[in-house]
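J.: Okay, so the sequence shown: first residue is 142 according to the numbering used here, each after it adds one.
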Amino acid sequence: MIFRRRRERAQAVGQAEAADGAGGADGPRSGDEGARAGDRRGPWDEAEGRHTDDPTYVDLGALVVRARSGLELRLSSDSDTGQVVAVMLGAADGAVELRVFAAPRSTGIWDDVRADIAAEVKRVGGSVREQEGEFGTELAVVLPVTLDDGRKATQPSRIVGVQGPRWLLRGTFLGRPAAQADPDGLVESAFRDVVVVRGSEPMAPREALALRLPADAQPYHAAPE
C-alpha cells in the first residue's frame, strides 16, 4: 500500500458532500435500507472489533482501513487548513473516496443528504439518478469536468451511504466500480473492510470526523498546482 497526499480541490459535489451526515442505531446500516439479515459484510463500527490486533489495518483516526495487495491509499487535505478530509483507496480499475461524518443518535437522514447532493449535481449541469445497490439506495452521478488540456469531458461516479452508531460513512466510487458494481472486486472489498471509529465526544450532526496521516507513513507531497 502506497501513501500519498494531495491537496483538496473545490468541486461542486465535494462541497455538497461536506455537509453530509446521518443517524444510526445499534450497528452499521446500508444507506437508508439497514443491514440485510445474513448479509453483513461491512463497513464496520469499531465496537465490532474487526481491526483488533490485525496488523493489516491502517489507523487513520476516524477511519481504519485494511491494506490489500494492489491497493493504493491517498489522503486529501484542505488547501487552507491542511486538515485531512478524505481517504482515497485506489486500484488499477478504479477507486473509492471515503468521508465520514457525525450523526444524530437515532435519526437517519441519508434520504435528505442524497436529495442535497442531487440538487447540487443538477445545479452545475450534471445528471443524477437513484438506484438500489448492495449498500442500499445510492446515486449514479455524471458531472461535467474540464481536463488539464482544456477539453470538456464527463466524470461518472456512484455515491453510497452506510449509517452506523452516530456516524455516516460515504463512499464515492470512481472508474469501473462507478459504472458497474462488483461486490467481490478489490475496491468494493476494501470499502467493506473499513472500520469507523466515532469516538464518544459530542459533535454536531454532519460535522466531519477527524482523519489523520499514519504516524509511520512517508507521504508523497504533490507539486503545487
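For glycine and all other residues, C-beta sits at the position ideal for the given N, C-alpha and C. Just so we're clear, the structure is a prediction, and the values are computed from it rather than from any experiment.
Name the DSSP bridge partner or partners of I300?
T.: One-based indexing of the sequence shown puts residue 300 at position 159. Beta-bridge pairing links I300 to L280 and T313.
J.: Since T295 sits in a beta bridge, which residues does DSSP pair it with?
T.: Start at 1 with the first residue of the sequence shown, and residue 295 comes out as number 154. Per DSSP, P285.
J.: Let me check understanding here. Comparing Cα to Cα, which of R311, A319 and Q321 lies closest to L350?
T.: Counted from its first residue, the sequence shown places residue 350 at position 209. Nearest option by C-alpha distance: R311.
J.: Near A294, which residues of its chain fall below 7 Å by C-beta distance, leaving aside the five closest residues on each side in sequence?
T.: The residue you call residue 294 lines up with position 153 of the sequence shown. Around A294: V286 and L288.
J.: Would you kindly work out how many angstroms separate the C-alpha atoms of V338 and M344, rounded to a whole number?
T.: For the purposes of this step, residue 338 is taken as the residue at position 197 of the sequence shown. For the purposes of this step, residue 344 is taken as the residue at position 203 of the sequence shown. Straight-line Cα distance between these residues: approximately 13 Å.
J.: Could you check the C-alpha separation between F242 and R347 for me, to the nearest Å?
T.: The residue labelled residue 242 in the question sits at position 101 within the sequence shown. The residue labelled residue 347 in the question sits at position 206 within the sequence shown. Roughly 5 Å separates the two Cα atoms.
J.: With DSSP collapsed to three states, give me the class of V96.
T.: Nothing can be reported for residue 96, as the shown portion of the chain is limited to 142 through 366.
J.: Give the C-beta separation of L239 and V328 to the nearest angstrom, bearing in mind that I take them to be a contact with Cβ-Cβ under 8 Å.
T.: Taking the sequence shown and counting its residues from 1, one reaches residue 239 at position 98. Taking the sequence shown and counting its residues from 1, one reaches residue 328 at position 187. So it is not a contact: roughly 11 Å between Cβ atoms.
J.: Just to confirm the assignment, what range does the beta strand (DSSP E) spanning R270 have?
T.: As a working mapping, residue 270 is identified with position 129 in the sequence shown. Note, R270: beta strand (DSSP E), S268 to G274.
J.: Helix or strand or just coil, what does DSSP make of S330?
T.: Here residue 330 corresponds to residue number 189 of the sequence shown, with the count starting at 1. In this structure, S330 counts as helix in the three-state DSSP scheme.
J.: Just checking, does the region 252 to 265 make contact with the region 215 to 234 on the three C-beta pairs under 8 Å criterion?
T.: In short, these stretches do not touch, since the Cβ pair count stays below three.
J.: Got a sec? Which residues, its chain only, sit under 6 Å from V283 by beta carbon, not counting five neighbours each side?
T.: Stepping through the sequence shown from its first residue, residue 283 is reached at position 142. Hits under 6 Å: G267, S268, T295 and P297.
J.: Per DSSP, what are the beta-bridge partners of R182 in this structure?
T.: On the sequence shown, residue 182 is found 41 positions in, with the first residue counted as 1. Beta-bridge pairing links R182 to no other residue.
J.: Tell me the DSSP bridge mates of R207?
T.: As a first step, residue 207 is located in the sequence shown; it is residue number 66 there, counting from the start. Note: R207 sits in a beta bridge opposite Y198.
J.: Please state whether the Cβ-Cβ distance between G340 and P169 is less than 7 Å.
T.: Stepping through the sequence shown from its first residue, residue 340 is reached at position 199. Stepping through the sequence shown from its first residue, residue 169 is reached at position 28. For G340 and P169, no; Cβs fall outside 7 Å.
J.: Let me know if P365 comes out buried or exposed under the rule of 16 or more other beta-carbons within 10 Å of its beta-carbon.
T.: Reading the sequence shown from its first residue, position 224 is the one you call residue 365. Bear in mind that the predicted position of P365 carries a pLDDT of just 41, short of 50, making it unreliable; the figure below should be weighed with that in mind. Exposed.
J.: Kindly indicate which three-state DSSP category A345 falls into: helix, strand or coil?
T.: Residue mapping note: residue 345 aligns to position 204 of the sequence shown, counting from 1. Residue state, collapsed to three classes: coil.
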